[in-house]
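Going letter by letter, the sequence shown gives residues 5 to 116 in my numbering.
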Amino acid sequence: MERVLVEMRQAPKIARDVKRVSPGSFLIGFKAEVGIDRKELAERAIKRMREGGWDMALAHDVGGSLGFGSLLDSYLVIYGSGEIREAGPMSKRELSRLVLTEAVRLVRSGRT
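What follows is the structure in structure tokens.
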């Protein structure tokens, strides 16, 4: 049997670079965690949002029955204002529509 060595490396965080190159861009980041409560999930996503210069964050626990391998998903939608909205469970298409609608609304209103 042939052996294969797989070396894992953390992907670079490019959000700050995006904002530096294009400060007017509306940046939505994703934070996935496994097996943590909603409060901790929100806190970690907010921390990453601030560090990365995101305008909105989508956070979810990928360890449950939703998400990978399912047609349904559920997210916390976190706004730059600190407001947190629960979205789902709903189809991934519905979630995509909700996120796009919210992003457009925020950009048009001048609030991020």
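Just so it is clear, CB atoms sit at the ideal spot from N, CA and C, and this is done for glycine as well.
Taking the alpha carbon of residue i as the point to measure from, which residue in the options has its own alpha carbon closest?
i	options	result
Asp83	Val66, Glu98, Arg52 and Arg24	Here residue 83 is Tyr; the residue named in the question, Asp, does not match the sequence. Looking at the Cα atoms, Arg52 is the closest of the given residues.
Thr105	Gly86, Ser85 and Val81	Val81
Which residues in the same chain have their Cβ closer than 7 angstroms to the Cβ of residue i, if we skip the five residues on either side of it in sequence?
i	result
Ala36	His64 and Val66
Tyr79	Leu62, Ala63, His64, Ala91, Gly92 and Leu99
Given residue i, which residues of its chain have a CB within under 6 angstroms of its CB, disregarding the five upstream and five downstream residues?
i	result
Val111	Phe30
Ala49	Lys35, Ala61, Ala63 and Ile82
Around the C-beta of residue i, are 16 or more other C-beta atoms found within 10 angstroms, so that it is buried, or is it exposed?
i	result
Val10	exposed
Asp59	buried
Gly28	exposed
Gly114	exposed
Gly39	exposed
Gly86	exposed
Residues in the same chain with beta-carbon distance under 8 angstroms from residue i, minus the five sequence neighbours each way, listed in chain order, please.
i	result
Leu76	Leu70, Gly92, Pro93, Met94, Ser95 and Lys96
Just list the alpha helix (DSSP H) runs in the stretch 13-49, keeping only unbroken ones of 4 residues or longer that don't cross its boundaries, in chain order.
You should have 19-25.
List in chain order: all unbroken alpha helix (DSSP H) runs of 4+ residues lying wholly within the stretch 62-113.
Annotation note: the stretch 62-113 contains the following uninterrupted alpha helix (DSSP H) runs of length 4 or greater, listed N- to C-terminal: 96-113.
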